[in-house]
Amino acid sequence: MLRIVTLVENTTSSSEYDCKHGLSFYVETPGHRMLFDVGPNELFLENARKKGIDLAAVDTVILSHGHYDHGGGLEAFFAVNQTAKVYIRQTAFEPHFSRVGDPPKYIGLDKGLMDNAQFIFTGDELVIDDELHLFSAVEPDPVPSQSNGALMMEKDGQMMQDDFVHEQNLILSVAGEKILMAGCSHAGIDRIQKKAAAIIGRAPDRVIGGFHLYNPSAQKTEPDEVVDETARALLPTGSLYYTCHCTGPKAFDRLKIHLGDRLSYMATGSELLIGAEGIDTRCGLKCEGCEYVQSCGCGGCIATMGKPFHGDCPVAQCCQNKGFTHCGQCPDLPCDLLTQYSCDSEHGDNPAGARIERCRKWAGK
Ligand SMILES: [Zn+2]
Ligand SMILES: [Zn+2]
């Protein structure tokens with residue numbers, strides 16, 4: 000089973016979890032307890048504690064690139080974990096700047112941490128084991144987006160356009176799926192996905208990360224044409240997309256027009272469970288033994304992304320839009336909508352509320 004918890008991103012799924020511009024995912028696989036990025040500061044520690052996640056037990060950290068909003072929490076991580084291997088591109092420690100404003104603002108990592116023995120400096124490609132495959136060196140976009148255009152690096156004393164060689168991405172092989180994880184996708188999510196597909200030999204089943212369609216310093220979203228072009232590139236792959244952070248809310252809404260139910264948002268505190276046995280619906284109903292599986296060829300609301308045999312299901316769609324696998328992970332459980340479905344006198348559960356109880360059980364509550 001694969002469990003991905005959003006520890007930090009720009010928005011939150013509930014008032015219980017603070018959020019901040021940046022990115023950090025906790026990833027649990029059969030073989031690893033990992034962090035993919037550590038966010039801008041120590042906030043990931045606080046949210047992990049609230050989720051009951053023990054960061055001292057983390058064995059692997061993947062740092063996607065050398066910007067503070069992904070690696071600013073490194074010092075705080077080293078204070079709680081002295082054993083995990085931290086995979087990072089060597090160039091991630093080069094000085095990086097945003098030139099929105101004068102003088103340009105330093106947005107790089109803390110170079111003072113570079114000598115930490117936990118770092119493993121990665122090349123263009125690294126197969127860590129059967130589950131984890133890192134790759135970089137996606138050719139930089141010849142026409143930098145508006146958001147990338149403002150990002151600079153300093154090399155040999157010269158300020159120049161950032162080439163994003165310091166960026167790396169992860170292919171996860173878990174639960175029979177290939178899952179691409181990217182941090183900010185500075186090289187372009189479509190280009191990163193193409194490279195991943197070339198490595199895997201097919202499109203990834205899921206793509207998770209920021210798609211960099213928003214410039215946080217200038218607080219500007221990419222023009223509609225750029226967002227539309229990105230969506231058109233992502234559409235034919237068949238992959239499911241989960242995004243947040245530097246995609247920005249406006250670009251997310253626009254991407255959703257194109258990608259519909261294939262696009263979900265992963266706000267701080269949300270969880271994604273893949274390959275969890277026995278969880279076959281969002282709302283807690285059991286598909287097992289349901290006559291419509293056979294008679295209507297219904298694949299259930301998870302497999303059909305919220306469109307089971309009876310049409311669009313608002314409960315399933317609400318759940319997946321929040322980035323949850325099932326309603327048990329939602330802080331609003333039991334919400335009015337689920338209660339209405341579960342306790343309906345004609346079509347509800349017998350006994351009423353059974354699926355709410357099952358969701359609680361799935362969530363271990
Ligand atoms: Zn970045
Ligand atoms: Zn970022």
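Counting with numbering that gives the first Met the number 0, you get residues 0 to 364 for the letters of the sequence shown.
The C-beta atom is built at its ideal place from N, Cα and C for all residues, glycine as well.
Source: prediction; values computed, not measured.
Rounded C-alpha distance that separates residue 27 from residue 1
If you take the alpha carbons of residue 27 and residue 1, they lie about 6 Å apart.
Are the CB atoms of residue 319 and residue 263 nearer to each other than 8 Å?
Cβ atoms of residue 319 and residue 263: closer than 8 Å.
Given residue 248 as reference, the closest of 5, 357, 11 and 3 once Cα atoms are compared
Among 5, 357, 11 and 3, the Cα nearest to that of residue 248 belongs to 11.
Endpoints, beta strand (DSSP E) assigned at residue 133
131 to 135 is the span of the beta strand (DSSP E), which, as asked, contains residue 133.
Cβ pair count under 8 Å reaching 3, the region 17 to 31 against the region 275 to 283
With the cut-off at 8 Å, the region 17 to 31 and the region 275 to 283 do not touch.
From the DSSP secondary-structure annotation, give me the bridge partner or partners of residue 59.
Per DSSP, 33 and 84.
Per DSSP, which one or two residues make a beta bridge with residue 7?
Note: residue 7 sits in a beta bridge opposite 23.
According to the Cβ coordinates, are residue 366 and residue 274 closer than 8 Å?
Outside the shown range of the chain (0 to 364) lies residue 366, about which nothing can therefore be said.
DSSP beta-bridge partners for residue 97?
Residue pairing from DSSP places residue 97 in a beta bridge opposite 104 and 150.
DSSP bridge partner residues for residue 243 (one or two, in chain order)
For residue 243, which the question treats as bridged, DSSP gives the partners 209.
Counting Cβ pairs closer than 8 Å, one from the region 36 to 50 and one from the region 71 to 80, do we hit at least three?
With a cut-off of 8 Å, the region 71 to 80 and the region 36 to 50 count as touching, because enough Cβ pairs lie within range.
At what residue ranges does the region 275 to 329 contain a whole run of the alpha helix (DSSP H), taking only runs of 4 or more?
Considered as a whole, the region 275 to 329 harbours 290 to 294, 299 to 302 and 313 to 320 as its complete alpha helix (DSSP H) runs of no fewer than 4 residues, in chain order.
Length of the line joining the Cα atoms of residue 179 and residue 57:
So the alpha carbons of these two residues sit roughly 20 Å apart.
Among residues of its own chain, excluding the 5 on either side of residue 160, which ones have a beta-carbon nearer than 8 Å to its beta-carbon?
Same-chain partners within the cutoff: 143, 148, 150, 151 and 152.
Look at the Cβ atom of residue 244, then the Cβ atom of residue 283, and state whether they are nearer than 8 Å.
Their beta carbons are not under 8 Å apart, which means residue 244 does not touch residue 283 by this criterion.
By Cβ distance, which residues of its chain are closer than 6 Å to residue 99, with the 5 residues on each side in sequence left out?
Excluding sequence neighbours, residue 99 sits near 149, 216 and 217.
Any heavy atom of ligand 1 closer than 7 Å to the beta-carbon of residue 185?
Residue 185 Cβ: within cutoff of ligand 1.
Limits of the beta strand (DSSP E) - the one that residue 360 falls within:
Run containing residue 360: none in the beta strand (DSSP E); it sits in the alpha helix (DSSP H), 353 to 361.
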